[in-house]
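Asker: For the sequence shown, our numbering gives the first residue as 40, with consecutive numbering after it.
The C-beta atom is built at its ideal place from N, Cα and C for all residues, glycine as well.
Remember, predicted model here, so these are calculated numbers, not experimental data.
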Amino acid sequence: METIRFDELELNDKILKAVKDMGFEAASPIQAKAIPLQMEGKDIIGQAQTGTGKTAAFGIPLLQKVDPKNKKLQAIALCPTRELAIQVAEEIRRLAKYMHGVKVLPIYGGQEIGKQIRSLKDGTQIIIGTPGRVMDHMRRKTVKFDQVHTVILDEADEMLNMGFLEDMETILSQLPEERQTVMFSATMPEAIARIAKNFQKEPETVRVVKKELTVPKVAQYYYEVKPKNKVEVMCRLLDMYAPKLSVVFCNTKRQVDELVEALQGRGYFAEGLHGDLKQAQRDKVMNSFRNGRTEILIATDVAARGIDVDDVEAVFNYDIPQDDEYYVHRIGRTGRAGREGKAFSFVVGKEVYKLRDIQRYCKTKIVPQAVPSLDDITAIRVDKILEEVSHIINTSDLSGLINVLEKKILEEDFTSMDLAAAMLKMAMGEDAEESIEDFRPARSLDDLDDYGRGKNSRGRGQNGGGRRGGREYGRGRDRGNMTRLFVNIGKSQNIRPGDIMGAIAGESGVPGSLIGSIDMFDNYTFVDVPDDCADEVLKAMKNVRIRGKNVRMEKANR
Ligand code: AMP
Numbered sequence: 040m041e042t043i044r045f046d047e048l049e050l051n052d053k054i055l056k057a058v059k060d061m062g063f064e065a066a067s068p069i070q071a072k073a074i075p076l077q078m079e080g081k082d083i084i085g086q087a088q089t090g091t092g093k094t095a096a097f098g099i100p101l102l103q104k105v106d107p108k109n110k111k112l113q114a115i116a117l118c119p120t121r122e123l124a125i126q127v128a129e130e131i132r133r134l135a136k137y138m139h140g141v142k143v144l145p146i147y148g149g150q151e152i153g154k155q156i157r158s159l160k161d162g163t164q165i166i167i168g169t170p171g172r173v174m175d176h177m178r179r180k181t182v183k184f185d186q187v188h189t190v191i192l193d194e195a196d197e198m199l200n201m202g203f204l205e206d207m208e209t210i211l212s213q214l215p216e217e218r219q220t221v222m223f224s225a226t227m228p229e230a231i232a233r234i235a236k237n238f239q240k241e242p243e244t245v246r247v248v249k250k251e252l253t254v255p256k257v258a259q260y261y262y263e264v265k266p267k268n269k270v271e272v273m274c275r276l277l278d279m280y281a282p283k284l285s286v287v288f289c290n291t292k293r294q295v296d297e298l299v300e301a302l303q304g305r306g307y308f309a310e311g312l313h314g315d316l317k318q319a320q321r322d323k324v325m326n327s328f329r330n331g332r333t334e335i336l337i338a339t340d341v342a343a344r345g346i347d348v349d350d351v352e353a354v355f356n357y358d359i360p361q362d363d364e365y366y367v368h369r370i371g372r373t374g375r376a377g378r379e380g381k382a383f384s385f386v387v388g389k390e391v392y393k394l395r396d397i398q399r400y401c402k403t404k405i406v407p408q409a410v411p412s413l414d415d416i417t418a419i420r421v422d423k424i425l426e427e428v429s430h431i432i433n434t435s436d437l438s439g440l441i442n443v444l445e446k447k448i449l450e451e452d453f454t455s456m457d458l459a460a461a462m463l464k465m466a467m468g469e470d471a472e473e474s475i476e477d478f479r480p481a482r483s484l485d486d487l488d489d490y491g492r493g494k495n496s497r498g499r500g501q502n503g504g505g506r507r508g509g510r511e512y513g514r515g516r517d518r519g520n521m522t523r524l525f526v527n528i529g530k531s532q533n534i535r536p537g538d539i540m541g542a543i544a545g546e547s548g549v550p551g552s553l554i555g556s557i558d559m560f561d562n563y564t565f566v567d568v569p570d571d572c573a574d575e576v577l578k579a580m581k582n583v584r585i586r587g588k589n590v591r592m593e594k595a596n597r
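Below, the structure written as structure tokens:
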């Protein structure tokens, strides 16, 4: 996979700055091919769909060509729906953020036409409109086409499906002869090929040629989520599957930073990796990931290329990749060296069709899943605790403790069940109750038709109820004077830093946020705790088991 950086594309500084703000790490494959051609002035047939970065693929060269000083209409993009028109206009506005004097206006049916007319008169250079409404303005002569040098047909096949063929042809026939015509379409039905023939000049076809790729044998699942719920879903999956090491992929550097902050804020050991980090910082993050101190690595595709860690148990596609090939590379980070791996993808809205294409292209199965409810997580945590309880019953002499409990039962009006349930509650931690709406099971990718509509209606999923299954430990930070403690267990015993942190916090009451760095080795671990808590921690950790293993803790020799 060759990558092209935006600063290699000879864009003007203002666009480059906006692209940087948007956090794009590199041009997506379709952008790498389409942008240089469109900048040369070529007519283009782009075969790409939503999620590939196609809007910026045509939007960047379009802006490059727009003259901010000329207040006349210079470019038109036609889109099938009002939602898409708004989205495209927003993306182009973001790209034009530093190009002062450039006005981008979405125009679509249902919006008051008088307002649109006033905005059009007010020096709009770019309109993004649905064909019907553009026709309307054309008839009213409220748009003038004489200075239009670029026209974009976005999702041309969708416009055809929606009955806009004639409108598209009428609009194209009214535009100046001397113009650039760029068409993006996921499929190439006959009528679209005819438009290309009649209205484009020697168009170049741009699509990402797919290589034959072997899909690793990894269990693949996907979840339909709303953007606002992504972090919560991520945490539930992390809590439920508790993967030792995970790699989470985001499409932008900005998203990486935001997710790192969100997960760290919730107490997870997460670090980010992307192109803005200096080499030394990257090395630090990678070392920390390799030795298990960082459990969750959040990265862009480009930054993740160098990762060669064998025991990654889960890959998360927090954003759906912009290219099918990326998907294969991403999930190949897990399931290595004969180990089992899992890949979880989040899809928002129409991205589900992108995933369906990935499934087809990769000849793989991506199974829809309902987001685990809080009850599911609770059930799993209860199972884990009870497993440890069985172990203790089988391996320890509990007669002394049984006497204590019998006494309690006699003194108070409790049953032994009441006591056991209350202790289970304590063992599960005291996270606040939360509930989240809007989680529903994902549809099967095979049930989607070719035009992006579900063949079957979907059922409603369960709403969350009950207790949240988050981890209780905080992130380690060095604060003040710390005492280094030695613990006689490490990675080889299947222990994670979070287990040690959780045990210390749970047993001693020292909050996780006060616990400093945890350096884990194969058979032992060092933990830093504040000087004035060290004795308390050592006392509390006597006779404690972590993941069913006996633990010895003592002050480390400095
Ligand atoms: P589109 O295919 O145009 O619908 O774009 C899908 C999403 O990808 C949008 O949120 C874009 O802002 C984003 N995007 C476009 N180009 C890039 C890029 N080179 N890197 C990361 N994200 C991008």
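Measuring CA to CA, which of 82, 154, 72 and 176 is closest to residue 42?
Answerer: Cα-wise, what sits closest to residue 42 is 72.
Asker: Please name the residue in 578, 44, 367 and 458 whose C-alpha comes closest to that of residue 288.
Answerer: The option with the nearest alpha carbon to residue 288 is 367.
Asker: Enumerate, from N- to C-terminal direction, the unbroken alpha helix (DSSP H) stretches of 4 or more residues contained entirely within the region 517 to 572.
Answerer: Entirely contained in the region 517 to 572, the alpha helix (DSSP H) runs reaching 4 residues are, in chain order, 536 to 547.
Asker: Should residue 94 be labelled buried (16 or more other beta-carbon atoms within 10 Å of its own) or exposed?
Answerer: It counts as buried.
Asker: Given a threshold of 16 other Cβ atoms within 10 Å of its Cβ, counted over all protein chains shown, does residue 326 qualify as buried or as exposed?
Answerer: Result: exposed.
Asker: Out of 75, 293, 482 and 461, which one is the CA nearest neighbour of residue 387?
Answerer: Among 75, 293, 482 and 461, the Cα nearest to that of residue 387 belongs to 482.
Asker: In the DSSP assignment, find the unbroken beta strand (DSSP E) run with residue 84 in it and report its ends.
Answerer: Unbroken beta strand (DSSP E) run through residue 84: 83 to 85.
Asker: In chain order, which alpha helix (DSSP H) runs of at least 4 residues are fully inside the region 169 to 238?
Answerer: Fully enclosed alpha helix (DSSP H) runs of 4 or longer: 170 to 179, 195 to 200, 204 to 213 and 229 to 238.
Asker: So within the region 367 to 434, which uninterrupted beta strand (DSSP E) runs reach at least 3 residues, ignoring any that extend past its ends?
Answerer: Entirely contained in the region 367 to 434, the beta strand (DSSP E) runs reaching 3 residues are, in chain order, 381 to 386.
Asker: Evaluate residue 335 with the Cβ neighbour count: other Cβ atoms within 10 Å of its Cβ, from every protein chain shown; 16 or more gives buried, anything less gives exposed.
Answerer: So residue 335 ends up on the buried side.
Asker: Between the beta-carbon of residue 196 and the beta-carbon of residue 231, is there less than 9 Å?
Answerer: Against a cut-off of 9 Å, the Cβ pair of residue 231 and residue 196 comes out as a contact.
Asker: Mapping the DSSP letters down to three states, classify residue 78 as helix, strand or coil.
Answerer: If DSSP states are grouped into helix, strand and coil, residue 78 belongs with the helices.
Asker: Quick check: is any heavy atom of the ligand AMP less than 8 Å from the C-beta of residue 290?
Answerer: Checking the Cβ of residue 290 against the ligand AMP gives yes.
Asker: Grab me the residues of residue 49's own chain with a C-beta within less than 6 Å of its C-beta, minus the 5 sequence neighbours each way, in chain order.
Answerer: Correct list: empty, nothing qualifies.
Asker: Is the beta carbon of residue 524 less than 9 Å from the beta carbon of residue 594?
Answerer: Against a cut-off of 9 Å, the Cβ pair of residue 594 and residue 524 comes out as a contact.
Asker: Got a sec? Which residues, its chain only, sit under 7 Å from residue 213 by beta carbon, not counting five neighbours each side?
Answerer: If we look at residue 213 and ignore the five residues flanking it on each side, its Cβ neighbours are 177 and 184.
Asker: Roughly how many angstroms separate the alpha carbons of residue 267 and residue 390, rounded to a whole number?
Answerer: Approximately 16 Å, taken between the alpha carbons.
Asker: Let me confirm a value: residue 591 is counted as buried when at least 16 other C-beta atoms fall within 10 Å, else exposed. Which label applies?
Answerer: Result: exposed.
Asker: Might you give, ordered along the chain, the residues of its own chain that have their beta carbon closer than 7 Å to the beta carbon of residue 295, omitting 5 neighbours on each side?
Answerer: If we look at residue 295 and ignore the five residues flanking it on each side, its Cβ neighbours are 289, 311, 313, 337, 338 and 339.
Asker: Does the region 267 to 282 come close enough to the region 343 to 355 to have 3 or more Cβ pairs within less than 8 Å?
Answerer: These segments touch.
Asker: Could you check if residue 263 is buried or exposed, using at least 16 other CB atoms within 10 Å of its CB as the buried criterion?
Answerer: The residue in question, residue 263, is buried, as its Cβ has 16 or more Cβ neighbours within 10 Å.
Asker: Along the chain, where does the alpha helix (DSSP H) that runs through residue 114 open and close?
Answerer: That residue, residue 114, is in no alpha helix (DSSP H); its beta strand (DSSP E) goes 114 to 117.
Asker: Hey, how far is the Cα of residue 552 from the Cα of residue 89?
Answerer: Roughly 42 Å separates the two Cα atoms.
Asker: Can you name, in chain order, every residue of its own chain whose Cβ lies under 6 Å from the Cβ of residue 192, other than the five neighbours on each side?
Answerer: Excluding sequence neighbours, residue 192 sits near 117 and 222.
Asker: Have a look at 145, 374, 404 and 330 and flag the residue whose alpha-carbon is nearest the alpha-carbon of residue 171.
Answerer: Of the candidates 145, 374, 404 and 330, the one whose C-alpha sits nearest the C-alpha of residue 171 is 145.
Asker: What's the gap between the Cα of residue 257 and the Cα of residue 119?
Answerer: Roughly 37 Å separates the two Cα atoms.
Asker: Note down, in chain order, each residue of its chain lying with its Cβ closer than 8 Å to the Cβ of residue 187, except the 5 sequence neighbours on either side.
Answerer: Around residue 187: 112, 113, 114, 115, 214, 215 and 218.
Asker: Do residue 543 and residue 549 count as a contact pair if the criterion is CB distance below 9 Å?
Answerer: A contact, by the Cβ cut-off of 9 Å.
Asker: To which residues of the same chain is residue 55 closer than 7 Å at the C-beta, ignoring the five residues directly before and after it?
Answerer: So the qualifying residues of the chain are 45 and 46.
Asker: Assign residue 67 to one of three DSSP states: helix, strand, or coil.
Answerer: Of the three classes helix, strand and coil, the one that applies to residue 67 here is coil, per DSSP.
Asker: I'd like to confirm something about residue 130: is its beta-carbon nearer than 8 Å to some heavy atom of the ligand AMP, or not?
Answerer: Yes.
Asker: I want to see whether chain B comes within less than 9 Å of residue 538, judged by CB atoms only; does it?
Answerer: Absent from the structure is chain B; it holds one protein chain and no more.
Asker: Taking only heavy atoms of the ligand AMP into account, decide whether any of them is closer than 8 Å to the Cβ of residue 64.
Answerer: Indeed, a heavy atom of the ligand AMP lies less than 8 Å from the Cβ.
Asker: Could you check whether residue 566 and residue 547 sit closer than 9 Å to each other, using their CB atoms as the reference points?
Answerer: It is not a contact, given that the beta carbons lie outside the stated cut-off.
Asker: What is the rounded straight-line gap between the Cα of residue 528 and the Cα of residue 414?
Answerer: If I take the Cα positions, the gap works out to 32 Å.
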